[in-house]
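Below is one structure, written out as structure tokens, with a few remarks after it.
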Amino acid sequence: MTRRQRWWIQVLLLAAVLTLAGILINNLTVNLIRTGLGLSFRWLSRPAGFAISEHLLPFQPSDSMAWALLMGWLNSLRVIACSIALATVLGVVAGAASRSNNPLFSALAGLYVGLIRQIPLLLQLLFWYFVAFLGLPSEPLAPLGALIRISNQSINVMGLNLSVEFAAVLVGLSVFTGASIAEVVRGGLDAVPRGQWEAFRSLGIGEGLGLKSVVLPQALPAILPALSSQYLNLAKNSTLSIAVGYADLYAVSDTAITQTGRAIEGFLLLLLSFLLLNLLINGSMQILNHAVLNKGQRT
Amino acid sequence: MKQGFCLSFGVLLVGLQACATLGEGGASRLDLVRQRGELRCGVSGKIPGFSFLDREGRYAGLDVDMCKAFAAAFVGDANKVEYRPLTAPERFTALRTGEIDLLSRNTTFNLSRDASGGNGVAFAPVVFHDGQGLLVRRDSGIKRLEDLRNQTICVGSGTTTEQNLNDVFQAKGIPYKPVKYQDLNQLVAGYLQKRCAAMTSDRSQLASARSGFEQPGNHQILPEVLSKEPLAPLSSGGDQRLADAMRWVVYALVTAEEMGITQNNVDAKLQEAINDPSKTALRRFLGVEGELGSKLGLPNDFVVSVLKATGNYGEIYNRHLGPQSAVPIPRGLNQLHRDGGVLIAPPFQ
């Protein structure tokens, strides 16, 4: 292919993309004019008129739509942050276990990753919610005295009250993403030359300490970029919460859109909120990545 | 080739011409039904209690009995009905294209559908006042809305269900916790797993869902109704004779209940009317005197045919939605006006 040919292909591609975008935007404006709806965000200050089951800040149905959406966003943020933490722990443990000398640990880790990665996330969420959590008795179980009380109404851990919907999303997202993180961690560990393992073992350093101070620091540069994309996936997957009744941003937006009829504006806000959320995650991971790389260079 | 084209063009023209004469000549669909000797009735076919296949594979339910009543009035035989099961999006198209004569498919009567600038259909009187309701477990001790204070309520998303729920509970100052699901099956699963003290949806849907439970008798629909969903049969707009005939068949069912005329005693009542010239109201209603039927383009005794086929409104209701039926729904608004409901018929004069 000559250079000129390649250039033409680029021009044609660009023209195709621009035409498509033009058609879509034109379609939108024509339809907005036809239905007499301009883009408007005035509905955000109207009273919400619906209740939200859980909210981090005080919320009444008479509060504004914008405040209701913020409650949804905070709920999303809460479940995403908790799931990221739990998924990381699960993933690192399972990833390290799969490369452990203990055959039981590595077999269990293999089983976990193999099983979880084969089943769609939506099914897993429905399983955790309808079978695992709603299958609990209505009267609270207290296996450890007052420390933990669980029922199909709420989960109470040391005075901290969680709804079963939150718990189902938390467990579902963490277990699912944990399996992918385990693979990322395993890949990172495999990237460290075999000799490094043999080296610390021959020095008589224990498995745990060796992993922590010899292997992981070398594996981290390979793990972190893939890890951040798992975190972004987790954040996006959190919108499946609506299937199990958790009032995340998507669920609240869905109600707001049905009640105001402002689908385009609602989805624009939804897209922007997720963009913001993912930029936050991405930004923090970049900072972490740089810190790790710099540290690696200094030592 | 050319010949074929001309031929098909000709056929098309003739077809168009036929449509045009039907429209312009003012011929009513009612004449077409009477000529055909059969009524084509659009139903849902999927809602127990309203239109659903029974054990013998025949359609049964309140909407189906309306079709039967119309057929009895129009062609004199309640069995001369061809049922067309239709989905919600199909129903108005089927009516407009003339595939069906009328629709009896739990359709909410509202302005946009009635107005000529909207769907432009003609609604008969409301045959079932539906509305959003609440389903609770009988052993929960919940008898009224107030008993749901601080309880969890399972809500379906999509329609105005959440807003109606909130409007009513807020007006009464009752705090509650909603758990919102995206579809009816999840809503039912959440409720059956005891996540919520109550679930809310349209009362007809609650009753239908309950009929599929393992022990339907353990669940109860609260008497309070949270919103208005009046369901009515309808015909294509711009056909006044058909619309009038449908309207008065529905009113006849209500009037018969008011007058205490049932499927069983209609013959006796007819005899009574013939024998006693002083009972003018009864005589007019059953077509013994006056020309009420022919004013509608129906036989004067159309009310007798209708009542023999289906019984009065109360009998139809009890057959499909009464306490002994598979889909019991408290009668509530669907009682006669004198019993505290909203059903009332203008006089047969």
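Residue numbers (our numbering), protein chains in the order written: chain A, 3 to 301; chain B, 169 to 517.
C-beta atoms are modelled at their ideal positions from N, C-alpha and C, and glycine is treated no differently.
Whole-Å CB distance - residue i paired with residue j, under 8 Å assumed
{"i": "A/Val166", "j": "A/Phe132", "result": "Their Cβ separation, rounded to whole angstroms, is 10 Å, which puts A/Val166 and A/Phe132 out of contact at 8 Å."}
{"i": "A/Gly174", "j": "A/Leu127", "result": "4 Å"}
{"i": "B/Gly217", "j": "B/Gly288", "result": "So it is not a contact: roughly 29 Å between Cβ atoms."}
{"i": "A/Ile289", "j": "A/Ser230", "result": "Between A/Ser230 and A/Ile289 the Cβ distance is about 11 Å, and since that is not below 8 Å, they are no contact."}
{"i": "A/Gly268", "j": "B/Tyr349", "result": "Not quite, the Cβ-Cβ distance comes to about 19 Å (not below 8 Å), so this is no contact."}
{"i": "A/Thr179", "j": "A/Asn235", "result": "7 Å"}
{"i": "B/Val471", "j": "B/Ala420", "result": "5 Å"}
{"i": "A/Asn291", "j": "A/Leu226", "result": "5 Å"}
Start and end residues, beta strand (DSSP E) containing residue i
{"i": "A/Arg151", "result": "Ile150 to Ile152"}
{"i": "B/Val211", "result": "Leu207 to Val211"}
{"i": "B/Pro346", "result": "Lys345 to Tyr349"}
{"i": "B/Glu397", "result": "Glu397 to Leu399"}
{"i": "B/Gly324", "result": "Thr320 to Gly324"}
{"i": "B/Asn167", "result": "Any property of residue 167 of chain B remains undetermined from this structure, which presents chain B solely from 169 to 517."}
{"i": "B/Ile342", "result": "That residue, B/Ile342, is in no beta strand (DSSP E); it is neither H nor E in DSSP."}
{"i": "B/Leu221", "result": "Ser219 to Leu221"}
{"i": "B/Thr448", "result": "Counting along the chain, B/Thr448 falls outside any beta strand (DSSP E), though it belongs to the alpha helix (DSSP H) covering Thr448 to Phe453."}
{"i": "B/Ser403", "result": "Leu402 to Ser404"}
{"i": "B/His387", "result": "His387 to Ile389"}
Nearest residue (CA-CA) to residue i, options the options
{"i": "B/Tyr344", "options": "A/Val94, A/Asn296, A/Asp256 and A/Phe52", "result": "A/Phe52"}
{"i": "B/Val336", "options": "B/Gly508, B/Leu313 and B/Arg451", "result": "B/Leu313"}
{"i": "A/Leu242", "options": "A/Thr179, A/Val171 and A/Leu273", "result": "A/Val171"}
{"i": "B/Asn274", "options": "B/Gly285, B/Ala283 and B/Ala292", "result": "B/Ala292"}
{"i": "B/Pro496", "options": "B/Asp435, B/Ser376 and B/Gln517", "result": "B/Ser376"}
{"i": "B/Lys447", "options": "B/Met427, B/Phe470, B/Lys463 and B/Arg499", "result": "B/Met427"}
{"i": "B/Gly229", "options": "B/Ile429, B/Tyr485 and B/Ala283", "result": "B/Tyr485"}
{"i": "B/Leu399", "options": "B/Ser372, B/Ala411 and B/Leu421", "result": "B/Ser372"}
{"i": "B/Leu501", "options": "B/Pro445, B/Tyr359, B/Lys340 and B/Gln300", "result": "B/Gln300"}
{"i": "B/His387", "options": "B/Thr320, B/Leu271, B/Gly508 and B/Gly309", "result": "B/Gly309"}
{"i": "B/Val518", "options": "B/Arg305, B/Asp282, B/Ser272 and B/Arg306", "result": "Outside the modelled stretch of chain B, which goes from 169 to 517, sits residue 518 of chain B, for which no answer is possible."}
{"i": "A/Ala70", "options": "A/Asp256, A/Val13 and A/Ser204", "result": "A/Asp256"}
Bounding residues of the alpha helix (DSSP H) (the contiguous stretch that carries residue i)
{"i": "A/Ser100", "result": "Met67 to Ser100"}
{"i": "B/Ala477", "result": "Phe470 to Thr478"}
{"i": "B/Asn353", "result": "Leu352 to Leu360"}
{"i": "B/Asp199", "result": "Arg197 to Arg204"}
{"i": "A/Asn163", "result": "No alpha helix (DSSP H) contains A/Asn163, which is instead part of the beta strand (DSSP E) from Leu162 to Ser165."}
{"i": "B/Gln439", "result": "Val434 to Asn443"}
{"i": "B/Val422", "result": "Gln408 to Met427"}
{"i": "A/Ala201", "result": "Arg196 to Ser204"}
{"i": "A/Gln155", "result": "No alpha helix (DSSP H) holds A/Gln155; DSSP gives it neither H nor E."}
{"i": "B/Ala377", "result": "Arg371 to Ser379"}
{"i": "B/Leu484", "result": "The question names Leu, but residue 484 of chain B in the sequence shown is Ile. Note, B/Ile484: alpha helix (DSSP H), Tyr481 to Leu489."}
{"i": "A/Leu146", "result": "It is not in any alpha helix (DSSP H) - A/Leu146 carries neither H nor E in the DSSP assignment."}
{"i": "B/Gly461", "result": "Leu460 to Lys463"}
Cβ neighbour criterion (16 or more within 10 Å) applied to residue i
{"i": "B/Met234", "result": "buried"}
{"i": "B/Gly193", "result": "Annotation note: pLDDT 43 at B/Gly193 (below 50); position unreliable, no value reported."}
{"i": "A/Phe43", "result": "exposed"}
{"i": "B/Lys437", "result": "buried"}
{"i": "A/Leu278", "result": "exposed"}
{"i": "B/Gln361", "result": "buried"}
{"i": "B/Ser280", "result": "exposed"}
{"i": "B/Leu402", "result": "buried"}
{"i": "B/Leu184", "result": "Because the pLDDT at B/Leu184 is just 43, under 50, the model does not fix this residue reliably, and the value given afterwards should be weighed accordingly. The residue is exposed, with fewer than 16 neighbouring Cβ atoms inside 10 Å."}
{"i": "B/Gln354", "result": "buried"}
{"i": "A/Val115", "result": "buried"}
{"i": "B/Ser212", "result": "buried"}
{"i": "B/Asp163", "result": "The structure shown does not extend to residue 163 of chain B, since chain B spans only 169 to 517, so no value can be given for it."}
{"i": "A/Gln120", "result": "exposed"}
{"i": "B/Leu207", "result": "buried"}
{"i": "B/Ser462", "result": "exposed"}
{"i": "B/Asp435", "result": "exposed"}
{"i": "B/Met367", "result": "buried"}
{"i": "A/Ala232", "result": "Reading off the sequence, residue 232 of chain A comes out as Gln, not Ala. Answer is buried; the Cβ neighbour count reaches 16."}
{"i": "A/Ala18", "result": "exposed"}
{"i": "B/Gln439", "result": "exposed"}
{"i": "A/Arg101", "result": "buried"}
{"i": "A/Ile244", "result": "buried"}
{"i": "A/Leu41", "result": "exposed"}
{"i": "A/Val187", "result": "buried"}
Next on the checklist: Going residue by residue through the segment 232-305 of chain B, where are the continuous beta strand (DSSP E) segments of at least 3 residues, counting only ones entirely within it?
Outcome noted: 249-253, 289-291, 296-298 and 300-305
Checklist entry - Of all the alpha helix (DSSP H) runs that stay within the bounds of the segment 208-259 of chain A, which reach a length of 4 or more residues? => result 209-212 and 218-239
Item to check | Whole runs of the alpha helix (DSSP H) within the segment 111-139 of chain A, excluding any shorter than 4 residues | outcome: 123-128
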